[in-house]
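Taken in order, these protein sequences are the chains called A and B. The numbering of the first sequence is this note's numbering, which starts it at 51 and goes up by one. The numbering of the second sequence is this note's numbering, which starts it at 51 and goes up by one.
2 protein chains.
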Amino acid sequence: MIENKPTRTELSEIGEFGLIDMLTKNIKLKNESTVKGVGDDAAVLDFKDKQILITKDLLIEGVHFNLTYAPLKHLGYKAAAVNISDIVAMNGTPRQLLVGLGASNRFSVEALEEIYKGIYQACEQYNVDLVGGDTVSSTGGLFISVTAIGDANAEDVVYRDTAKVNDLVVVSGDLGGAYAGLLLLEREKETYKADPNMQPDLDGYDYILGRQLKPEARVDVLRLLKGAGVKPTSMIDISDGLASEVTHICKKSKVGCAIYEDKIPVDVQTVQVAEEFKLDPTTCALNGGEDYELLFTIKQADFEKLKDVEGISVVGHIMEENAGINLISRSGASVPITSQGWNAFK
Amino acid sequence: MIENKPTRTELSEIGEFGLIDMLTKNIKLKNESTVKGVGDDAAVLDFKDKQILITKDLLIEGVHFNLTYAPLKHLGYKAAAVNISDIVAMNGTPRQLLVGLGASNRFSVEALEEIYKGIYQACEQYNVDLVGGDTVSSTGGLFISVTAIGDANAEDVVYRDTAKVNDLVVVSGDLGGAYAGLLLLEREKETYKADPNMQPDLDGYDYILGRQLKPEARVDVLRLLKGAGVKPTSMIDISDGLASEVTHICKKSKVGCAIYEDKIPVDVQTVQVAEEFKLDPTTCALNGGEDYELLFTIKQADFEKLKDVEGISVVGHIMEENAGINLISRSGASVPITSQGWNAFK
Numbered sequence: 051m052i053e054n055k056p057t058r059t060e061l062s063e064i065g066e067f068g069l070i071d072m073l074t075k076n077i078k079l080k081n082e083s084t085v086k087g088v089g090d091d092a093a094v095l096d097f098k099d100k101q102i103l104i105t106k107d108l109l110i111e112g113v114h115f116n117l118t119y120a121p122l123k124h125l126g127y128k129a130a131a132v133n134i135s136d137i138v139a140m141n142g143t144p145r146q147l148l149v150g151l152g153a154s155n156r157f158s159v160e161a162l163e164e165i166y167k168g169i170y171q172a173c174e175q176y177n178v179d180l181v182g183g184d185t186v187s188s189t190g191g192l193f194i195s196v197t198a199i200g201d202a203n204a205e206d207v208v209y210r211d212t213a214k215v216n217d218l219v220v221v222s223g224d225l226g227g228a229y230a231g232l233l234l235l236e237r238e239k240e241t242y243k244a245d246p247n248m249q250p251d252l253d254g255y256d257y258i259l260g261r262q263l264k265p266e267a268r269v270d271v272l273r274l275l276k277g278a279g280v281k282p283t284s285m286i287d288i289s290d291g292l293a294s295e296v297t298h299i300c301k302k303s304k305v306g307c308a309i310y311e312d313k314i315p316v317d318v319q320t321v322q323v324a325e326e327f328k329l330d331p332t333t334c335a336l337n338g339g340e341d342y343e344l345l346f347t348i349k350q351a352d353f354e355k356l357k358d359v360e361g362i363s364v365v366g367h368i369m370e371e372n373a374g375i376n377l378i379s380r381s382g383a384s385v386p387i388t389s390q391g392w393n394a395f396k
Numbered sequence: 051m052i053e054n055k056p057t058r059t060e061l062s063e064i065g066e067f068g069l070i071d072m073l074t075k076n077i078k079l080k081n082e083s084t085v086k087g088v089g090d091d092a093a094v095l096d097f098k099d100k101q102i103l104i105t106k107d108l109l110i111e112g113v114h115f116n117l118t119y120a121p122l123k124h125l126g127y128k129a130a131a132v133n134i135s136d137i138v139a140m141n142g143t144p145r146q147l148l149v150g151l152g153a154s155n156r157f158s159v160e161a162l163e164e165i166y167k168g169i170y171q172a173c174e175q176y177n178v179d180l181v182g183g184d185t186v187s188s189t190g191g192l193f194i195s196v197t198a199i200g201d202a203n204a205e206d207v208v209y210r211d212t213a214k215v216n217d218l219v220v221v222s223g224d225l226g227g228a229y230a231g232l233l234l235l236e237r238e239k240e241t242y243k244a245d246p247n248m249q250p251d252l253d254g255y256d257y258i259l260g261r262q263l264k265p266e267a268r269v270d271v272l273r274l275l276k277g278a279g280v281k282p283t284s285m286i287d288i289s290d291g292l293a294s295e296v297t298h299i300c301k302k303s304k305v306g307c308a309i310y311e312d313k314i315p316v317d318v319q320t321v322q323v324a325e326e327f328k329l330d331p332t333t334c335a336l337n338g339g340e341d342y343e344l345l346f347t348i349k350q351a352d353f354e355k356l357k358d359v360e361g362i363s364v365v366g367h368i369m370e371e372n373a374g375i376n377l378i379s380r381s382g383a384s385v386p387i388t389s390q391g392w393n394a395f396k
């Protein structure tokens, strides 16, 4: 089989200004709050009487992604989505992105265009404007630094330190899938390294592969909550696994909680893969990370309003601080949830 | 001589959350617009009726800095200052910073603390709040991604595309010094590599070394302009050299200009070093970069108000677009100023 070899343009051929022009020339601004986007020393934004939410996350090759299996376009999409997820976790509306990209000469102009295609796809999906950034050469691989900006009325912002005793603990979607997808991709990588003629065996796992490669920020969950007339009492997005995030909410709010193992939503594909790898699916959900679902607390009185809403699960309740942060296992045993967070330096 | 060996704590010992706590625990917020800083999914800001300016620049080891001669603390300061300079170049007041840091295991906790010391020093200097960011492990050296946020009344924002024919072209401070400092540091590095017992020979060059290692954002120039009752008609900061920046202003504003070589302010140390390296000092000023001075245009009618202000120089005037962008040399010859910008990928 003869493949059409794709064109490769070196970054040095096009130069910094040429590259920026090329990557940003088709931007059409969508948000009224974007007064001036790319093209000056700084972007100019105007949010009138709204509060502004701002967050920054980095994605590093070899640490947060592996180009053996992460398509560049998905990578761009994911870099945008995980930052937008932080705005969503404050109950805000995402509005703008700034993107910093460091790439070594190993990457062609076309490769950077692919990454930007993914970023622009996320901008479409979430109705967000790309308003600035920086593209530089790097001596070591690829990294992406995204800053996301959103807005909210002051009274609508939801923090993580405001959970109250007796509140219910709720998660959106299902957990552990992104980690199960990563396990599969890592296994296929090893198989491929051992024998490049082996065909990847990923059939039937589309859902969890998508969870790993192209996660979504749950703006739709915010709409459901608003539609039901419920404002969470606290909220965080699940980037590091349920254990880590529920610990953040409890420690910041100075409360304890009980999470019921049998209530944690886990997809059937996640269970299958966990079993293949001889892992407990609950461990994947608690410690896997990268699901970008929302973890939030609501007043008990709001339970009625949400009980028929699909795709959210009550997994536990908030208790006094001295009760600790515990998982109630299927057998009824209470086990302390411990989390040092994702130790990125190990 | 026995040196006290500094303590070295591995990043893996302290963990992600421990590190973030350590680096951010002493933050005291200074700006009313900072509603909530570090510690949630996103920072929360409130600018009331002001417009918001936002910018992002990256600094990469081996590309933008070399740790052989750049002290970590200065590096943190510089990373903050060059981003603040972009806010200043919009005629805005810097207010907040977000810092993303990627560091390999080669860096200790103490090394990251040094970088943060520099960032906090800049926060003090410019009355800015550190409100968020991300610290991750990197496979290839050190990189710093800073996002700076500022505010301005809508009518005070100065863009780069609004220079008008007959406006005067003005620069603050002097140019080429940062590049001259870099030349010296690079030479000393080579000398040191050849013979580590050689003492560095940098006496008498404090000024230009400071220009390279610890540049300042010219918030003081904005105050002088405001005090004199002058609002520039266009403005940009000089990060890539005068040639590149004046080209940006002219192309964006669809005008031409004449810049007079004998009016370009160059410090005596810069001239000395240029001569040592057999370079034309004007070339250092035009193409050297990293001076972070301000380049702006003013109405001719405002010249009287500024003529006694120290530390600013009128270097030329804006012309019709078809006149081109020209340097009028000391001999009176008109030479087109060309600039491909700093090609970061070469």
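Ideal Cβ placement from N, Cα and C applies to all residues, glycine included.
Pair within 8 angstroms by beta-carbon distance, residue i and residue j
i               : j               : result
T332 of chain A : A230 of chain A : no
N372 of chain A : G291 of chain A : no
V316 of chain A : L252 of chain A : no
A198 of chain B : P144 of chain B : yes
V196 of chain A : D107 of chain A : yes
N141 of chain A : L272 of chain A : yes
K355 of chain A : G279 of chain A : yes
I102 of chain B : L95 of chain A  : yes
V138 of chain A : D352 of chain A : no
I110 of chain B : S188 of chain A : yes
G182 of chain B : A93 of chain B  : yes
H124 of chain B : K264 of chain B : yes
G361 of chain B : S135 of chain B : no
Beta carbon proximity, residue i to chain B, threshold 8 angstroms
i               : result
S187 of chain A : yes
L103 of chain A : yes
K239 of chain A : no
K80 of chain A  : no
G209 of chain A : A small fix is needed here, since residue 209 of chain A is Tyr in this sequence, not Gly. Judged by the 8 angstroms Cβ criterion, Y209 of chain A is in contact with chain B.
L377 of chain A : no
S303 of chain A : no
G291 of chain A : no
A172 of chain A : no
D358 of chain A : no
A161 of chain A : no
Amino acids of chain A, ordered along the chain, whose beta-carbon sits closer than 8 angstroms to that of residue i
i               : result
L336 of chain B : Here the premise fails: no neighbours, minimum Cβ distance about 17 angstroms.
I137 of chain B : D91 and A92
M140 of chain B : D90, D91, A92 and V94
E111 of chain B : T189
D287 of chain B : D91
Closest residue to residue i among the options (Cα-Cα distance)
i               : options                           : result
G99 of chain A  : B:S83, B:A244 and B:S284          : Checking the sequence shown, residue 99 of chain A turns out to be Asp, not Gly. Taking only the C-alpha atoms, the option nearest D99 of chain A is B:S83.
A308 of chain B : B:I194, B:K106 and B:S384         : B:S384
G366 of chain A : A:D91, A:G126, A:K214 and A:Y119  : A:K214
G190 of chain A : B:C300, B:A153 and B:E63          : B:A153
L122 of chain B : B:K243, B:V269, B:K167 and B:C173 : B:K167
A335 of chain B : B:E295, B:D358, B:E360 and B:D184 : B:E295
K313 of chain B : B:V113, B:S379, B:Y257 and B:M285 : B:S379
V149 of chain A : A:V132, A:E164 and A:I194         : A:I194
H298 of chain B : B:K80, B:L79, B:L263 and B:G374   : B:G374
H114 of chain B : B:Y170, B:A228 and B:N177         : B:A228
E66 of chain B  : B:V207, B:T185, B:K264 and B:S289 : B:T185
E205 of chain B : A:I64, A:F327, A:V364 and A:V85   : A:V85
Neighbour list for residue i in chain A, Cβ cutoff strictly below 9 angstroms
i               : result
S195 of chain B : K106, L108, G150, G152, D184, F193, S195 and T197
A204 of chain B : V85, V94 and D96
Proximal chain B residues relative to residue i, where beta-carbon distance stays under 8 angstroms
i              : result
F97 of chain A : F97 and I102
is_contact[residue i, chain A] using C-beta, thresh 8 angstroms
i               : result
V85 of chain B  : yes
N393 of chain B : Bear in mind that a pLDDT of 40 at N393 of chain B, under 50, signals an unreliable position, so the number given afterwards is only what the model happens to contain. Yes - at least one Cβ of chain A is within 8 angstroms of the one on N393 of chain B.
A1 of chain B   : Because chain B is modelled from 51 through 396, residue 1 of chain B falls outside the range shown and cannot be assessed.
7 angstroms Cβ cut-off: residues of chain B touching residue i
i              : result
D71 of chain A : None at all; the shortest Cβ gap to chain B is about 11 angstroms.
Complete beta strand (DSSP E) runs within the segment 52-137 of chain A (minimum length 3 residues, chain order): 84-86, 93-95 and 101-110
Please give me, in chain order, every unbroken run of the alpha helix (DSSP H) with length at least 4 that falls completely inside the segment 324-388 of chain A. List check, alpha helix (DSSP H) in window: 331-337 and 353-356.
Output the residue ranges of the alpha helix (DSSP H) runs that lie fully inside the segment 252-333 of chain A and measure 4 residues or longer, sorted by chain position. Here the runs fully enclosed are 256-263, 269-277, 292-303 and 318-326.
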